[in-house]
Each structure stands twice: as structure tokens, then as C-alpha cells.
Amino acid sequence: MKDRDDKLVRTAKALADKTRVKILRELVKRGSISCGEVGKDIQLSQPAVSHHLKILADAKLVVMEKEGRQVIVIVNRKAIQKFSELLP
Numbered sequence: 001m002k003d004r005d006d007k008l009v010r011t012a013k014a015l016a017d018k019t020r021v022k023i024l025r026e027l028v029k030r031g032s033i034s035c036g037e038v039g040k041d042i043q044l045s046q047p048a049v050s051h052h053l054k055i056l057a058d059a060k061l062v063v064m065e066k067e068g069r070q071v072i073v074i075v076n077r078k079a080i081q082k083f084s085e086l087l088p
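Residues 1 to 88 (the working numbering) make up the sequence shown, in order.
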């Protein structure tokens, strides 16, 4: 039970920020985007993008894959589903 609660809290903390919610919504719409596009779409500096993406990745809400010189961010739909299952 403790592990389940820890996962719930980590995910809830990641979603407790408007900017991260905006990033996640954009990812849900598009499926995947590059880190550079996140900054342009949400109008954030590169360090701010990195900070928010790290928190989302630590909560396993996104997956980041390197493609050449770019890092592609992909929404982890299974993690979002699991989050909703942890609530009851």
C-alpha cells in the first residue's frame, strides 16, 4: 500500500503545476514533440523546459528518446491510466 501511495503522491506533485499540465496536454494532443518545440509552444526557456520535463519523466508521465541531436518527448498513456486507477 505504501508503494502505491508513493506513486500517487509523486504523480500528483508532477501534475500540481500549470506549466506541466500544459506540457502534458500538448503531448496528449500531438503524441510526441521535441524538447525545442515544448519551449516554443509553451513559451519557456530551455532550462525551464528541462526542469519541467525532468519532473514529468521522474513521475513516469513522459518518456524521452534521443533521435540524433534532438530529444523527443512522448506521453506515457499507460502511466496516466495507472494514476487514475490509484485514486480509488
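No residue lacks a Cβ here, since even glycine has one placed at the ideal position from N, Cα and C.
Here the structure is a predicted model, which means the values were calculated and not measured.
- S34 and K66 have their C-alpha atoms some 9 Å from each other.
- Residue state for Q46 is assigned as helix, using DSSP reduced to three classes.
- Contact annotation: V62 and V49 have beta-carbon atoms that are not nearer than 7 Å.
- Uninterrupted beta strand (DSSP E) stretches at least 3 residues long and entirely within the stretch 16-79 occur at 32-34, 62-67 and 70-75, given in chain order.
- The Cβ atoms of R10 and A59 sit closer than 7 Å to each other.
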